[in-house]
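**Q** Here it is: the structure, laid out below.
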Amino acid sequence: MGVLSKNSLVILILFLSFVGCKDNDKPEPIKEVVYEDWSKIPNTEIYLSSRNVTALEGYDSFLFVQCLKSFYILNSDLQRVDGGGRSLSKEPFFDNRPKIGSDWTVINGDRGFEVFSNFNPVNERFGLRLYYQNYIGNQCTFVSASHLNDKNSLSVIWSFQKTKDSVDYYLDTYKFDEHVDKIVDSSRLRLEVYNDYYQRIRDVAVFNEVTYCSIGGLTYRIEDNVLTDSIRFDLRNFQKFRNGIIAFGQRVFYVGDKEPNKEGIMYSGDNGKTWEYLYSSEGYINANLKIVNDKIFLFKGQDMIHLDLDNGVQKGLNMTGLDAFIKDISFVAGKVIVGTDAGVYYKSWESFLNK
29 MGVLSKNSLV ILILFLSFVG CKDNDKPEPI KEVVYEDWSK IPNTEIYLSS
79 RNVTALEGYD SFLFVQCLKS FYILNSDLQR VDGGGRSLSK EPFFDNRPKI
129 GSDWTVINGD RGFEVFSNFN PVNERFGLRL YYQNYIGNQC TFVSASHLND
179 KNSLSVIWSF QKTKDSVDYY LDTYKFDEHV DKIVDSSRLR LEVYNDYYQR
229 IRDVAVFNEV TYCSIGGLTY RIEDNVLTDS IRFDLRNFQK FRNGIIAFGQ
279 RVFYVGDKEP NKEGIMYSGD NGKTWEYLYS SEGYINANLK IVNDKIFLFK
329 GQDMIHLDLD NGVQKGLNMT GLDAFIKDIS FVAGKVIVGT DAGVYYKSWE
379 SFLNK
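Numbering follows our numbering, in which position 22 of the sequence shown is assigned residue number 50; successive positions increment by one, without gaps.
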C-alpha cells in the first residue's frame, strides 16, 4: 500500500504539472478593438480662421498643420505649441501643396517658393524666399519644389513662356547653408518636354539623389543633372515605400494610341529606372495617394480606402462623422490624424483600421 500510494502521488504531481503547463500555454485572448467616433480638435487649439487644412505631417511627437491662413504645431496630446508659419496666397493642388519636413517646410507659390523653419516664430529669421520674376520677368508660369532633404538641398521645376506658343521647362537644384537663408550651390537643366506649348507641372520629388518630375503626361528621371529616363505616365504623389518608390498616376492618351488609358499605383524598386503596376484604381480616378505607417491609402472627396497589396485586399474606411472633404492624412502618438476643409479630426489607429 505504501508503494502504491507513493506511485499514485508521483502520477498525481505529474498530471497536475502537465495541466498547469497547458493552462500557461494558452494563447492570450484577442483584444477586441473598440469602435471610436471621430473627434475634432477644439477651437481652443485651432482658430476658426485656420480650419481649411492643405497639408499635415506627423514626425515623432509633433504634428505640423498647414492651413490656408496659418501654420501651427500640435504635440502628442494634440495641444498647440509655439512655432513658425506662413499663410498661403491661394488653395494649392494636392500634389503642389506645402512640403512639410520635420524641421523645414517648403511652400510653392505662383512665381517662386519659400522655405521656413517649423519652430521659429514668423517674425524671426525663418529661412529663404526665392521668386523667379525677380530676375526673369513676369513670364514665369509655374513653380513646384520638392521637400528640403537632410543635406539642405531641394529641386525646383519651373516654366518660362518665351513666346505665345513656346514654353521652356527647367530643373533648378539648390543647396543651402545650415541656416537655410543662403544658397551655397546651384545648377540648372533645361528639360526637353513632349510638347512646346504650356503643360502643367504635376509634381517633383527627390529620393537617393535622384529627381523625379512629371510634366504634360511624361515623368522624367534626372540623376547628376542628366536626364536619364522618361516614361509615358503622368505620375504624382511620389513617396518612399518599403525599399522603393511608389506613385499615383495615369497613362495619358495621345492621338494614334492603341492602348487605353490606365490609372493606378505604380512602384519602382530600382531608383526609378523601371516601373510596374501595383493597383488599378478604376472607380477612384483622380484620387490622392498617401503612405502612413507603411500602409497605402487613397482618398477622394469624403471617401478613403486602405490597400493591402500583399493580400490583394481593398477596404473602405469608416469616415462617417467628418462631414468635410479630406485634404490629408497622417499619424502621431498612436492616433490617425485627418485634415479636412473644416478642421482636423482624429481617432485611435486601431479603431481606424479595424472598425
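Note that the Cβ used here is the ideal one computed from N, Cα and C, for glycine as well.
Any Cβ of chain B within less than 7 Å of the Cβ of residue 265?
**A** Any reference to chain B falls outside this structure, which holds one protein chain only.
**Q** Does residue 209 come out as helix, strand or coil in the three-state DSSP assignment?
**A** Reduced to three states, the DSSP call for residue 209 is coil.
**Q** Any idea if residue 240 is buried or exposed, counting beta-carbon neighbours within 10 angstroms, 16 or more meaning buried?
**A** Counting Cβ neighbours within 10 Å, residue 240 comes out buried, since at least 16 surround it.
**Q** Whole angstroms is fine: what's the gap from residue 86's alpha carbon to residue 330's?
**A** Distance between the alpha carbons of residue 86 and residue 330 is about 21 Å.
**Q** For residue 265, count neighbouring C-beta atoms within 10 Å of its own C-beta (all shown protein chains included) and say buried if the count is 16 or more, exposed if not.
**A** With 16 or more other Cβ atoms within 10 Å, it is buried.
**Q** CA-CA distance, residue 374 and residue 105?
**A** Taking the straight line from one Cα to the other gives about 11 Å.
**Q** Are three or more beta carbon pairs between the segment 132-152 and the segment 83-100 nearer than 8 Å?
**A** Short answer: they touch.
**Q** Can you say whether residue 260 is buried or exposed, counting buried as having 16 or more other CB atoms within 10 angstroms of its CB?
**A** With fewer than 16 other Cβ atoms within 10 Å, it is exposed.
**Q** Taking the alpha helix (DSSP H) that residue 377 belongs to, which residues open and close that run?
**A** Taken as a continuous stretch (DSSP letters only), the alpha helix (DSSP H) holding residue 377 covers 377-382.
**Q** Is it true that the CB of residue 353 sits closer than 7 Å to the CB of residue 369?
**A** Yes, the Cβ-Cβ distance between residue 369 and residue 353 is below 7 Å.
**Q** By how many angstroms is the C-alpha of residue 340 removed from the C-alpha of residue 319?
**A** Going by the C-alpha atoms only, they are around 17 Å apart.
**Q** Here's the rule I'm using: 16 or more other beta-carbon atoms within 10 Å means buried, otherwise exposed. How should residue 271 be labelled?
**A** Exposed, because fewer than 16 other Cβ atoms sit within 10 Å of the Cβ of residue 271.
**Q** At what residues does the beta strand (DSSP E) containing residue 331 begin and finish?
**A** Per DSSP, residue 331 belongs to the beta strand (DSSP E) from 331-336.
**Q** Using the rule of at least 16 other Cβ atoms within 10 Å of the residue's Cβ for burial, across every protein chain shown, is residue 366 buried or exposed?
**A** Classification for residue 366: buried.
**Q** Quick one: grab the DSSP three-state call for residue 122.
**A** Helix.
**Q** Go through its chain and collect everything with a Cβ distance to residue 294's Cβ below 8 Å, but skip five positions before and after it.
**A** Excluding residues within five positions, the ones whose Cβ falls inside 8 Å are 261, 263, 274, 275, 276, 277, 303, 304, 305, 306.
**Q** Inspect the beta-carbon positions of residue 183 and residue 201 and report whether they are closer than 7 Å.
**A** Yes, Cβ-Cβ distance for residue 183 and residue 201 is below 7 Å.
**Q** Take the Cβ of residue 82 as the centre, count every other Cβ of all protein chains shown within 10 Å, and call the residue buried at 16 or more, exposed below.
**A** Buried.
**Q** Taking Cβ positions, are residue 291 and residue 324 nearer each other than 7 Å?
**A** It is not a contact, given that the beta carbons lie outside the stated cut-off.
**Q** Whose C-alpha, out of 189, 235, 137, is nearest the C-alpha of residue 181?
**A** Checking every option, the nearest Cα to that of residue 181 belongs to 235.
**Q** Quick check: the Cα distance between residue 251 and residue 159, rounded to an integer number of angstroms?
**A** Rounded to the nearest angstrom, the two C-alpha atoms are 25 Å apart.
**Q** Expressed to the nearest angstrom, what Euclidean distance is found between the alpha-carbon atoms of residue 110 and residue 229?
**A** Looking at the two C-alpha atoms, the distance is approximately 34 Å.
**Q** Can you give the Cα-Cα distance for residue 116 and residue 108, rounded to whole angstroms?
**A** Roughly 20 Å separates the two Cα atoms.
**Q** Find out if the Cβ-Cβ distance for the pair residue 125, residue 144 is shorter than 7 Å.
**A** No, the Cβ-Cβ distance between residue 125 and residue 144 is not below 7 Å.
**Q** What first and last residue would you give for the beta strand (DSSP E) that runs through residue 316?
**A** That run of the beta strand (DSSP E) goes 316-320.
**Q** With DSSP as the reference, label residue 277 as helix, strand or coil.
**A** Here residue 277 sits in strand by DSSP.
**Q** Below 8 Å CB to CB, which residues in the same chain sit around residue 61 once its five sequence neighbours on both sides are set aside?
**A** Closer than 8 Å at Cβ, skipping near neighbours: 378, 379, 382, 383.
**Q** Could you compute how far the alpha carbon of residue 338 sits from the alpha carbon of residue 156?
**A** When rounded, the distance between both Cα atoms is 43 Å.
**Q** Skipping 5 residues on each side, what residues in its chain have a beta carbon closer than 7 Å to that of residue 296?
**A** If we look at residue 296 and ignore the five residues flanking it on each side, its Cβ neighbours are 272, 273, 302, 303.
**Q** What whole-angstrom Cβ distance do residue 231 and residue 172 have, given they're in contact under 8 Å?
**A** With a Cβ gap of about 7 Å, residue 231 and residue 172 count as contacting.
**Q** Below 8 Å CB to CB, which residues in the same chain sit around residue 206 once its five sequence neighbours on both sides are set aside?
**A** So the list reads 180, once near-sequence residues are dropped.
**Q** With a cut-off of 8 Å on the beta carbons, I'd call residue 96 and residue 119 a contact; round off their distance for me.
**A** Yes, they are in contact, since the Cβ atoms of residue 96 and residue 119 sit about 6 Å apart, within 8 Å.
**Q** Just to confirm, are residue 188 and residue 196 a CB contact at a threshold of 7 Å?
**A** For residue 188 and residue 196, yes; Cβs fall inside 7 Å.
**Q** Check residue 233 in the structure and name its three-state DSSP category.
**A** DSSP places residue 233 in strand when its eight states are reduced to three.
**Q** Name, in chain order, the residues that DSSP records as bridge partners for residue 186.
**A** Paired residues: 171, 198.
**Q** Which residue or residues does DSSP assign as beta-bridge partners of residue 221?
**A** In DSSP, residue 221 forms no bridge with anything.
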